[in-house]
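Q: Below is the structure I would like to discuss, written out as structure tokens.
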Amino acid sequence: MIKTLLSGDLPRSRLLTAMLVVVLVGLALAPFLVSGARSLNVAATICVFVVLVASYDLLLGYTGIVSFAHTMFYGIGAYGVGLALHGMGPSWWAIFVGTAGALALSLVLALVIGLFSLRVRAIFYAMITLAVASAFSVLASQLSDFTGGEDGRTFKVPEILQPGFRLFDAEILGRVVDGKLITYYLVFFSALTLFLFMLRIVNSPFGRVLQAIRENDFRAEALGYRTVVYRTLANCLGALIATLAGVLMALWLRYVGPKTMLSFEVMTDILLIVVIGGMGTVYGAVIGSALFILAQNYLQVLMAQASAAMSGVPFLANLFHPDRWLLWLGVLFVLSVYFFPTGIVGRLRTKAPARGRS
Amino acid sequence: MTTISQVAPQDSALPKVRVDMLPLLLVPVLALLMLPLVGSFPTWVTLTVAGLAMGMMVFMMASGLTLIFGLMDVLNFGHGAFVSVGAFTATLVLLPMKSWVEADSVWMNLSVVGLAILLAMLVTGLLGWAFERIIIRPVYGLHLKQILITMGGMIVAEQLIHVIWGAEQIPLQLPTTFRGAFIFGDAALEKYRLIAVGVGLTVFITMFLVLNRTKVGLLIRAGVENGEMVEALGYRIRRLFVGVFMAGSALAGLGGVMWGLYKETLTAAIGGEITVLVFIVIIIGGLGSVGGCFIGAMLVALVANYAGFLAPKVALVSDILLMVTVLLWRPQGLYPVAKR
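This is the structure in structure tokens:
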């Protein structure tokens, strides 16, 4: 049954399997394992990022398209739900309308950008998406009457998802079943479903064509596959899933704003995670996101200690300043593009020779 | 076939290369069309000069990038890092020599800014050499990796600027004699903008002459057209690559200094912000074409300035709209480079 669930694409490495199980169990039981709003926030962010990064991997790792507009679609999802809930009041209907609207907008944009520039080369697409995404984020922060500008919008979610809501009076395993818990599981199970769905896609015949295009688009075209059509489809699919990830994030945070949803930093985060986790392996998104978000939240504490220990040496202290953690990830990123193009997951898989490969 | 035989004159040995004039006309036509819309002549002059100044600065930053792309087929997503590094290097001269910057003497001001520019170009040129050696050399021909790796280089460079110069904004003072404006009738022309136009034109003319009148320029143009052939004829195209990469990086550094002085404050993100504009410019101009890049820079900057005055909301997306319009007209950019 597990094989069917994973679409026949098993981790193929004992260590990798162990890591995946740890992440899965950790995320599934997060509300009971850890206490405090911050840790739960970390867990939810990991869930959302797994989906977001895996959908980006669909483009970068499987189809060989470099897009810088992925945060734009993520932002469209978040803003769609956020503005709908803000404008129409907290109801499931508003969530539905917001999500549907966001999905439609994402689809149209992805189609237009794709048809416009995917015919040409990878580099062209990368530049166009960069330009469009930056224009979009400027728009979102400038049209302040509609989007709330730089401050963003906070909004209310339906009652059942609000932190004050109690499902039962009794506690389960020492935890009150409140709205926050329900929201967390909503995010978790949606993320899990979307993740399995993507695993299904990349292991379908469609996914194989995408990989063929990545390896050699000329040959794929010669075999009779319309590469433009497949690329555009992959692009739309990635955009739609990123939109859904945005919806989940907005529901979790009960806030949308340009800084958390649209900024270029989010895009670089996604890039770093995909490459470090492993391009072309959906599992890379899980491992990468878990490591990255944990590092983002907890590595800085370690670095602060290192920086304090080296406070006598002026340059080194700066080098280990907690705000400079991106420097080290950047170096890791460059090194992994050179030496481990398939990232952590690819590395683990090649170590374990092709056991269980069908 | 018939058209060619008709056009070719009988008496000359080589048919003349037809110069594509249409894009050249775009800039003056756009400027003149906007005159009635803006309404008042002095405002129009101010706007146009502001646009030209901004365009010149963007051109300095973009020209290196487009040349590097044309010659080596490498699109450096980290090009913005050179802009930032150039601007920050200038502070090494401008901040300690504050008295020269504040002095009310044209020569002292000029020499201190000149020194800053020289140092910035030197540092970014050397950095470009290192960047080409370490970061880009292993990934020639692999577009996907190039994009990723230069992006990574950009992140690292931006963070290193934070490490070296600290995370705070650095205020950059414009030299005393560069401040203020000349007044012609009702039109106020900021001095610094005129200087920027002057520097930009100098860069463009120098580049034009080097590319069209020297042997190195001939080789570069031939390399853009067909690199393998140049190599087969016995020239070391590798050295050409390195030289062009260094020159392109140094130009980005120059652009960074000018842009930093224009903005009067420096943040490490300055390069990343300008990268988007630079990309739009080189797409409009046609990837690899220096002339197209020049026209593209002017168009983008002028449109941004006019739109900012006429319809501020539209100005937010004016670059994109311009790009889409140009690409609908000429899908490969204004001056498509023959190879691609």
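Residue numbers (the working numbering), protein chains in the order written: chain A, 71 to 428; chain B, 1000 to 1339. Glycine is no exception: its CB is placed at the ideal position from the N, C-alpha and C atoms. Being a predicted model, the structure only gives us computed values, none of them experimental.
Can you tell me the Cβ-Cβ gap for Leu264 (chain A) and Val121 (chain A), rounded? I've got them flagged as a contact below 8 Å.
A: Yes, they are in contact, since the Cβ atoms of Leu264 (chain A) and Val121 (chain A) sit about 5 Å apart, within 8 Å.
Q: Whose C-alpha, out of A:Phe259, A:Val345, A:Tyr368, A:Pro228, is nearest the C-alpha of Ser406 (chain A)?
A: A:Val345
Q: Note down, in chain order, every chain B residue with its Cβ under 7 Å from the Cβ of Ser204 (chain A).
A: Val1275
Q: To the nearest angstrom, report how far apart Tyr1139 (chain B) and Val383 (chain A) are at their CA atoms.
A: 39 Å
Q: Assign Thr338 (chain A) to one of two classes, buried (16 or more other C-beta atoms within 10 Å of its C-beta) or exposed (fewer than that).
A: buried
Q: Looking only at C-alpha atoms, which of B:Val1196, B:Ala1314, B:Val1241 sits nearest to Met966 (chain B)?
A: For residue 966 (chain B) there is no data in the structure shown, the boundaries of chain B being 1000 and 1339.
Q: Below 9 Å on C-beta distance, what does Ile1148 (chain B) contact in chain A?
A: Phe403, Val404, Val407, Tyr408
Q: For chain B, is any of its Cβ atoms less than 9 Å away from the one on Ala315 (chain A)?
A: no
Q: Per DSSP, Glu1224 (chain B) is paired with what?
A: In DSSP, Glu1224 (chain B) forms no bridge with anything.
Q: Return the Cβ separation of Ala1300 (chain B) and Val1057 (chain B) in integer angstroms, given the expectation that the two are a contact with Cβ distance under 8 Å.
A: 6 Å
Q: In or out: Val1028 (chain B) buried (at least 16 other Cβ within 10 Å) or exposed?
A: exposed
Q: Could you tell me whether any Cβ in chain A is nearer than 9 Å to the Cβ of Lys1338 (chain B)?
A: Confidence is the limiting factor: at Lys1338 (chain B) the pLDDT is only 49, short of 50, which leaves the residue's position unreliable, though a coordinate-based value still follows. Nearest CB-CB separation between Lys1338 (chain B) and chain A: not below the 9 Å threshold.
Q: Kindly identify the DSSP beta-bridge partner or partners of Asp248 (chain A).
A: A:Arg236
Q: Is it true that the CB of Ile1169 (chain B) sits closer than 9 Å to the CB of Thr1264 (chain B)?
A: One thing to note: Thr1264 (chain B) has its Cβ within 9 Å of the Cβ of Ile1169 (chain B).
Q: Run through the DSSP bridge pairs and tell me what Val208 (chain A) is partnered with.
A: DSSP lists no partner for Val208 (chain A).
Q: Should Phe385 (chain A) be flagged as near chain B, meaning a C-beta pair shorter than 9 Å?
A: yes
Q: Can you tell me whether Arg223 (chain A) is helix, strand or coil according to DSSP?
A: strand
Q: Measure the CB-CB distance between Val326 (chain A) and Gly78 (chain A) and report whether it falls below 9 Å.
A: no
Q: Taking contact to mean at least 3 C-beta pairs separated by less than 8 Å, is the region 1035-1054 of chain B in contact with the region 1224-1238 of chain B?
A: Taking 8 Å as the limit for Cβ pairs, the verdict is that the region 1224-1238 of chain B does not touch the region 1035-1054 of chain B.
Q: For a contact defined as C-beta to C-beta under 9 Å, what are the partners of Met1322 (chain B) on chain A?
A: Ile198, Ala201
Q: In chain order, what residues of the same chain have a beta carbon less than 6 Å from the beta carbon of Gly348 (chain A), not counting five sequence neighbours either side?
A: Gly354, Thr412, Gly413, Ile414, Val415, Gly416
Q: Taking the alpha carbon of Val1100 (chain B) as the reference point, which residue from B:Leu1260, B:Leu1025, B:Ala1180 has its own alpha carbon closest?
A: B:Leu1260
Q: Considering only the alpha carbon of each residue, which of B:Met1060, B:Pro1041, B:Arg1237 lies closest to Asp1185 (chain B)?
A: Closest by alpha carbon: B:Pro1041.
Q: How would you call Tyr1334 (chain B), buried or exposed, if buried means at least 16 neighbouring beta carbons within 10 angstroms?
A: buried
Q: For Phe259 (chain A), which residues from the same chain have a beta carbon less than 7 Å from its beta carbon, with the 5 sequence-adjacent residues on both sides left out?
A: none
Q: Let me check one thing: in DSSP terms, what residues is Ile1169 (chain B) bridge-paired to?
A: B:Leu1265
Q: Does the Cβ of Asp215 (chain A) have 16 or more other Cβ atoms within 10 Å, making it buried, or fewer, making it exposed?
A: exposed
Q: Compare the C-beta of Val178 (chain A) with all C-beta atoms of chain B and state if any pair is closer than 9 Å.
A: no
Q: With a cut-off of 9 Å, does the C-beta of Val208 (chain A) fall near any C-beta of chain B?
A: Output row for Val208 (chain A): interface = yes.
Q: At the level of alpha carbons, what is the spacing between Val1198 (chain B) and Val1112 (chain B)?
A: 12 Å
Q: Going along chain B in order, which residues have a C-beta closer than 9 Å to the C-beta of Ala69 (chain A)?
A: Because chain A is modelled from 71 through 428, residue 69 (chain A) falls outside the range shown and cannot be assessed.
Q: Alpha carbon to alpha carbon, how far is Arg1220 (chain B) from Leu1023 (chain B)? Give it in angstroms, no decimals.
A: Cα-Cα distance, rounded: 20 Å.
Q: Considering only C-alpha positions, which residue in the set A:Val182, A:Met89, A:Val167 is nearest to Leu303 (chain A)?
A: A:Val182
Q: CB Thr1123 (chain B) to CB Gly1077 (chain B), shorter than 9 Å?
A: no
Q: Any idea what DSSP makes of Ala1300 (chain B), helix, strand or coil?
A: helix
Q: Answer yes or no: do Gly1285 (chain B) and Val1336 (chain B) have a C-beta to C-beta separation smaller than 9 Å?
A: yes
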